[in-house]
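Reading through the structure tokens given below for one structure.
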Amino acid sequence: MFTLLPLPIRQTSPSTIKSRALQMLFQVKEEFLSQQPPQGLPFQNPGSSMCGILAVLGCIDNSQAKRSRVIELSRRLRHRGPDWSGLHCHQNCYLSHQRLAIVDPTSGDQPLYNEDKTVVVTVNGEIYNHKQLREKLKSHQFRTGSDCEVIAHLYEEYGEDFVDMLDGMFSFVLLDTRDKSFIAARDAIGITPLYIGWGLDGSVWFASEMKALSDDCEQFMSFLPGHIYSSKQGALRRWYNPPWYSEKIPSTPYDPKVLREAFEKAVFKRLMTDVPFGVLLSGGLDSSLVAAVAARQLANSEVACQWGSQLHTFCIGLKGSPDLKAAKEVADYIGTRHHEFHFTVQEGIDALEEVIYHIETYDVTTIRASTPMFLMSRKIKSLGVKMVLSGEGSDEIFGGYLYFHKAPNKEEFHEETCRKIKALHLYDCLRANKSTSAWGLEARVPFLDKEFINIAMSIDPEWKMIRPDLGRIEKWILRNAFDDDKKPYLPKHILYRQKEQFSDGVGYSWIDGLKDHANKQVTDAMLINANFIYPENTPTTKEGYYYRTIFEKFFPKNAARSTVPGGPSVACSTAKAVEWDAAWSENPDPSGRAALGVHASAYEAQKGGIAEKIAIA
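Okay, structure coming up:
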């Protein structure tokens, strides 16, 4: 199924461009987020570096002034790639690149080309199976050791039908100068960010972050994960259409060995690096498993050029927080070199404007969690680290959020996990990528490995259901898969530690401090009149109002505010799941502690008794 987009756009008036772009793109956005995928899209399964990209294609103006403007806008992405800048100009098409060198730092500068330089590609991401793909391309001559160069040659060999062959996280734009056609694509889940926009001159824009195109495009939106845009067809189509997208509830029995080995493989492939790296370790289940598996694999093999003799781990939390103690215990248990930094809550509040500018959202829970991660990333980068592993995605796949306790049956449980995975690019993927890349740090997420997701999402959701009567807490099958008495991965009480949202786990007084600050900035009258000031996604709390004012200062256009999701939520739920408990609709706080009856006692025990210092451990 194809969703037609306005190409060739130069033959259309600006007003028509805007109306057709909105109509067509938001149609495919609704199809993507709906439970049932578009029909007629067969599931295909044929046998670099984290950077910033900007592409402007089909401009009317190809003057020196336009070139200078593209360079100027590309510099807004330099934080993502401080190691090198590259620009390719071909008539009225521009592909720019800001590089953070992770693989082949000496020769992998971009844009990248095919043998005769007729195919040009600019890529943000990592292709983990690039060595296997090179084996399929033996007739091609490679210029660099970059993992991303395979994209140019795959296009030569397979045309536009190669994207599903890529195993990794990526956003790319490819220009075929022979006919001036181009394609753009984003990875299956949306781990790497990508935006698409339209200039009034009929040009089509692509950028890693909204800030690079928002001033020059009247209409723009987040590029949908698992999709490819083709100028030849004037269409955006889905390339990623796995079996779990269907309405059929999966029925594969749970096999702990299969699940465990799939995750170990996902971690292993993400150790592909030529630079120092570490693991973001909160002390929760997900990051602890990432760290434990990585440490075990590094001890048994030379899979990466490690920074010293130990794996390095990093955590952030208020002193006395749930995360801080657990993270230190895990680090000691698995034998990593653990790092601890300090900053005050006020310093975190002072960073809010910079955080919102970088992560490009006004979503409350995302900002709460992004601020500590943003400050931690700065400290990590100062140590010379350029890549970290992180634990995002597990809660969406296994139903780990506390509100899943109220899932009425396995069908609704599974449908909610599908909705959550499809929306990851708007929340946790956005946070993990932009909070780290703000300081030139790359975050890799093993739980969002394409193969691992397909295995985990094929399991009968009855096994994922939270069943206290059977001793099953949230994410029980993941915990059980790594519950090895002979050679334990983690201490038992860590392996079965209850879920904490990151913004809660760093310390409950962090959230209270944010609320108190917002209450001083936003009056009651301002909140009462919020629907007049912000009629779209109207903020319902003073904290939400405060974040919105900061966001609008940087991104005032209607298109920008439409990139942020809205609607009711509790403990990070979708709006649909709020219906599971009538009491949730009365609680305006989206935090995990809003899942009343699950974590209220933990909050009350700590409220008011935690120091204002936050430790990055």
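Numbering (the UniProt record's numbering), first residue to last: 1 to 617. We put the beta carbon where it would ideally sit given N, CA and C, even for glycine.
With the cut-off set at 8 Å, would you say residue i and residue j are in Cβ contact?
i: residue 426; j: residue 565; result: yes
i: residue 98; j: residue 52; result: yes
i: residue 191; j: residue 169; result: yes
i: residue 559; j: residue 543; result: no
i: residue 390; j: residue 478; result: no
i: residue 214; j: residue 193; result: no
i: residue 358; j: residue 481; result: no
i: residue 490; j: residue 333; result: yes
i: residue 271; j: residue 297; result: yes
i: residue 530; j: residue 538; result: yes
i: residue 149; j: residue 112; result: yes
i: residue 225; j: residue 260; result: no
i: residue 277; j: residue 376; result: no
i: residue 189; j: residue 424; result: yes
i: residue 493; j: residue 385; result: no
i: residue 176; j: residue 73; result: no
i: residue 267; j: residue 455; result: no
i: residue 250; j: residue 380; result: no
For the beta strand (DSSP E) that contains residue i, what are its first and last residues?
i: residue 314; result: 312 to 314
i: residue 443; result: 442 to 444
i: residue 384; result: Careful: residue 384 lies outside any beta strand (DSSP E) and carries neither H nor E.
i: residue 195; result: 195 to 198
i: residue 185; result: 181 to 186
i: residue 99; result: 93 to 99
i: residue 168; result: 168 to 176
i: residue 57; result: 52 to 57
Contact check, residue i vs residue j under 8 Å by CB: the rounded distance?
i: residue 222; j: residue 563; result: 5 Å
i: residue 275; j: residue 457; result: About 32 Å separates the two Cβ atoms, so there is no contact after all.
i: residue 451; j: residue 294; result: The pair is not a contact, with the Cβ atoms about 18 Å apart (cut-off 8 Å).
i: residue 120; j: residue 88; result: 5 Å
i: residue 335; j: residue 310; result: 7 Å
i: residue 420; j: residue 442; result: That pair is no contact at about 24 Å.
i: residue 60; j: residue 201; result: 4 Å
i: residue 532; j: residue 464; result: Their Cβ separation, rounded to whole angstroms, is 43 Å, which puts residue 532 and residue 464 out of contact at 8 Å.
Hey, out of the options, whose CA is closest to residue i's CA?
i: residue 184; options: 218, 229 and 197; result: 229
i: residue 324; options: 343, 360, 509 and 282; result: 282
i: residue 351; options: 532, 88 and 369; result: 369
i: residue 56; options: 82, 192 and 199; result: 199
i: residue 344; options: 514, 541, 550 and 553; result: 514
i: residue 156; options: 144, 170, 174 and 145; result: 174
i: residue 417; options: 181, 90, 400 and 432; result: 400
i: residue 196; options: 218, 180 and 179; result: 218
i: residue 434; options: 264, 83 and 354; result: 354
i: residue 555; options: 356, 181, 298 and 225; result: 356
i: residue 444; options: 431, 454 and 455; result: 431
i: residue 462; options: 453, 299 and 474; result: 474
i: residue 84; options: 440, 453 and 531; result: 440
i: residue 468; options: 526, 118 and 404; result: 404
i: residue 552; options: 127, 259, 363 and 415; result: 363
i: residue 76; options: 471, 381 and 210; result: 210
i: residue 570; options: 123, 180, 402 and 122; result: 402
i: residue 179; options: 241, 118, 127 and 392; result: 118
i: residue 573; options: 406, 328 and 372; result: 406
i: residue 587; options: 385, 546 and 540; result: 540
i: residue 374; options: 329, 70 and 436; result: 436
i: residue 128; options: 165, 341 and 161; result: 165
i: residue 349; options: 234, 510 and 136; result: 510
i: residue 630; options: 78, 498, 126 and 527; result: Residue 630 lies beyond the stretch modelled for the chain, which goes from 1 to 617, so this question has no answer here.
i: residue 579; options: 408, 483, 536 and 534; result: 408
Got a sec, what are the start and stop residues for the alpha helix (DSSP H) residue i sits in?
i: residue 526; result: 524 to 528
i: residue 90; result: First-last for residue 90: 84 to 90, but that is the beta strand (DSSP E), not the alpha helix (DSSP H).
i: residue 394; result: 394 to 398
i: residue 421; result: 410 to 422
i: residue 621; result: Since the first and last residues shown for the chain are 1 and 617, residue 621 lies out of range.
i: residue 71; result: 64 to 74
i: residue 437; result: 428 to 437
i: residue 545; result: 542 to 554
i: residue 558; result: 558 to 561
i: residue 152; result: 150 to 158
Which parts of the stretch 206 to 292 are runs of the alpha helix (DSSP H), unbroken and 4 residues or longer, counting only runs that do not cross its ends?
-> Contiguous alpha helix (DSSP H) elements confined to the stretch 206 to 292 occur at 256 to 269, taking only those with 4 or more residues.
Taking the runs of the beta strand (DSSP E) that are 3 residues or longer, which of them lie wholly in the stretch 113 to 145?
-> Fully enclosed beta strand (DSSP E) runs of 3 or longer: 119 to 127.
Enumerate, from N- to C-terminal direction, the unbroken beta strand (DSSP E) stretches of 3 or more residues contained entirely within the stretch 451 to 493.
-> Assignment of beta strand (DSSP E) within the stretch 451 to 493, counting only whole runs of 3 or more residues, yields no such run.
Give, in chain order, every unbroken run of the beta strand (DSSP E) that is at least 3 residues long and sits entirely within the stretch 322 to 380.
-> Counting only runs of 3 or more, we get 337 to 339 and 341 to 344.
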